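Position in the sequence shown (from 1) plus 35 gives the number in the numbering used here.
Heads up: the structure comes next, in structure tokens.
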Amino acid sequence: MRPIKLKIKGLNSFVEEQTIDFEKLTKQGFFGIFGPTGSGKSTILDGMILALYGMKAMSRGTNEFVNKNCKSALVSYEFQITAAQVKRYRVERERDKIRKMQTFGCDRWRDCIRRICDRCGSCMCGDYRSDCR
Numbered sequence: 036m037r038p039i040k041l042k043i044k045g046l047n048s049f050v051e052e053q054t055i056d057f058e059k060l061t062k063q064g065f066f067g068i069f070g071p072t073g074s075g076k077s078t079i080l081d082g083m084i085l086a087l088y089g090m091k092a093m094s095r096g097t098n099e100f101v102n103k104n105c106k107s108a109l110v111s112y113e114f115q116i117t118a119a120q121v122k123r124y125r126v127e128r129e130r131d132k133i134r135k136m137q138t139f140g141c142d143r144w145r146d147c148i149r150r151i152c153d154r155c156g157s158c159m160c161g162d163y164r165s166d167c168r
């Protein structure tokens, strides 16, 4: 999977909306995500996993991830299956504090990914436990 853009708001340490443009970050080649404990590095992965699967990464313990100062957590994740593929997918989800999840757009993304995986024999195939490893 090739990440393109991730927007996060109200998720863990991110109160205000933050946008990570992976295309800009990768223009020069490698990039790193650095910061002190609690600054939100793992929340970037949580945002991707929340968008794709509706839950946060299982290695992080608690399933409470809406920031205490926010009513809900909102993520928008845009990605491609491979760099060679032109088609982009975007999944948007919002989860409030009473565990209600809403999904906007890209309703059948998992079916699309599985069809592509069947054709190319690899890629991310929509399995939460495998993809979180």
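Quick reminder that beta carbons are idealized off the backbone N, C-alpha and C, glycines included.
Because the structure is a prediction, the values reported are computed rather than measured.
- For I39 against Q120, the beta-carbon gap comes to about 12 Å, at or over 8 Å, which does not count as contact.
- Taken through DSSP and simplified to helix, strand or coil, S111 comes out as strand.
- Bounds of the alpha helix (DSSP H) holding E58 are 57-60.
- Residue environment: N104 is assigned as exposed (fewer than 16 neighbouring CB atoms within 10 Å of its CB, all protein chains considered).
- With contacts defined as CB atoms closer than 7 Å, N47 and T78 qualify as a contacting pair.
- For M83, the CB contacts under 6 Å within the same chain, skipping 5 residues up- and downstream, are Y112 in chain order.
- Per the DSSP secondary-structure output, V50 pairs with nothing in a beta bridge.
- Taking every protein chain shown into account, the CB of I43 has 16 or more other CB atoms within 10 angstroms, so this residue is buried.
- Buried is the label assigned to V126, since at least 16 other Cβ atoms lie within 10 Å of its Cβ.
- For I116, no alpha helix (DSSP H) encloses it, and the DSSP letter there is neither H nor E.
- Scanning its chain for C-beta atoms nearer than 7 Å, with the 5 sequence neighbours on each side dropped, one finds around F66 the residues L60, in chain order.
- In terms of Cβ geometry, V101 and K132 form a close pair [threshold 7 Å].
- A86 sits away from R37, with the two beta carbons spaced by 7 Å or more.
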